[in-house]
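**Student:**
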Amino acid sequence: MAHENIDEDAPLFAIAVAAELAAMHPQTLRQYDRIGLVIPGRTRGGTRRYSMRNIDQLRQVAQMSQDGMSLPAIAHILRLEDTVRSLRRQVTDLETQLRVEREQRPGSRVFAAGATGSIVTLRSGTRIRRETGIELWTPPAQRARDTE
Numbered sequence: 008m009a010h011e012n013i014d015e016d017a018p019l020f021a022i023a024v025a026a027e028l029a030a031m032h033p034q035t036l037r038q039y040d041r042i043g044l045v046i047p048g049r050t051r052g053g054t055r056r057y058s059m060r061n062i063d064q065l066r067q068v069a070q071m072s073q074d075g076m077s078l079p080a081i082a083h084i085l086r087l088e089d090t091v092r093s094l095r096r097q098v099t100d101l102e103t104q105l106r107v108e109r110e111q112r113p114g115s116r117v118f119a120a121g122a123t124g125s126i127v128t129l130r131s132g133t134r135i136r137r138e139t140g141i142e143l144w145t146p147p148a149q150r151a152r153d154t155e
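FYI, in our numbering the residues of the sequence shown are 8 to 155.
1) If you follow the alpha helix (DSSP H) that Ser58 is part of, which residue opens it and which one closes it?
2) Of all the options Thr50, Val68, Arg60, which has the alpha carbon lying nearest to the alpha carbon of Gln38?
3) Compute the distance between the beta-carbons of Leu28 and Val45, then report whether it is under 8 Å.
4) Quick check on this structure: which residue in Pro47, Arg109, Gln70 has the alpha carbon closest to the alpha carbon of Ala23?
5) Using the three-state DSSP reduction, which class does Arg49 fall into: helix, strand or coil?
6) Please report the residue range of the alpha helix (DSSP H) in which Glu110 lies.
7) Cα-Cα, which of Pro33, Met59, Gly53 is closest to Ala13?
8) Since Leu168 and Ile42 should fall inside the 8 Å C-beta cutoff, what is the C-beta to C-beta distance between them, to a whole number of angstroms?
9) Could you say which of Glu88, Glu102, Asp100, Phe20 lies nearest to Thr50 if we only look at CA atoms?
As structure tokens, then:
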């Protein structure tokens, strides 16, 4: 139940509501919390509050359990799904950072060797004399991939 404007991780539902949404008995939810299978958020007073992600996990647990999977196997799958979700979030963040960095750099950067052998950054649109030798620099990692 992914809605763009609803935080799937927001702890919203009391145990009775969560149990009803997941079609389970509240005692089952308490047991799953005790064994670390589906861990809800807590209020300051210690009351369990379930998120939509928790409800989805409870439904998954019920389905996998009906399919004959053991609770430790189900717990392992849920941990792997959490890891994948976290990695996807990191990839999205890194892609955003890369996009922002690329937007802040006007055009591509070109380097040349100066008369003394120093590296000089050329501005976009700068012309180089015809007799000047130009070599396109390729990062070592890219060169290794190109030669494979």
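We treat Cβ as the ideally placed atom computed from N, Cα and C, and that holds for glycine.
**Tutor:** So, from the data block:
1) If you number the sequence shown from 1, residue 58 lands on position 51. Per DSSP, Ser58 belongs to no alpha helix (DSSP H) and is neither H nor E.
2) As a working mapping, residue 38 is identified with position 31 in the sequence shown. Of Thr50, Val68, Arg60, the residue nearest in Cα terms is Val68.
3) Position 21 of the sequence shown, counting from 1, holds the residue named residue 28. Position 38 of the sequence shown, counting from 1, holds the residue named residue 45. No, the Cβ-Cβ distance between Leu28 and Val45 is not below 8 Å.
4) The count along the sequence shown starts at 1 and reaches residue 23 at position 16. Measuring from the Cα of Ala23, the nearest candidate turns out to be Pro47.
5) Numbered from 1 along the sequence shown, position 42 holds the residue referred to as residue 49. Arg49: strand per DSSP, three-state reduction.
6) Sequence index remark: in the sequence shown, residue 110 carries index 103 (1-based). Where Glu110 is concerned, the enclosing alpha helix (DSSP H) stretches over 78-111.
7) Taking the sequence shown and counting its residues from 1, the one referred to as residue 13 is at position 6. Position check: residue 13 holds Ile in this sequence, whereas Ala was assumed. Among Pro33, Met59, Gly53, the Cα nearest to that of Ile13 belongs to Met59.
8) Limits of the chain in this structure are 8 at one end and 155 at the other, which puts residue 168 out of reach.
9) The residue you call residue 50 lines up with position 43 of the sequence shown. Looking at the Cα atoms, Phe20 is the closest of the given residues.
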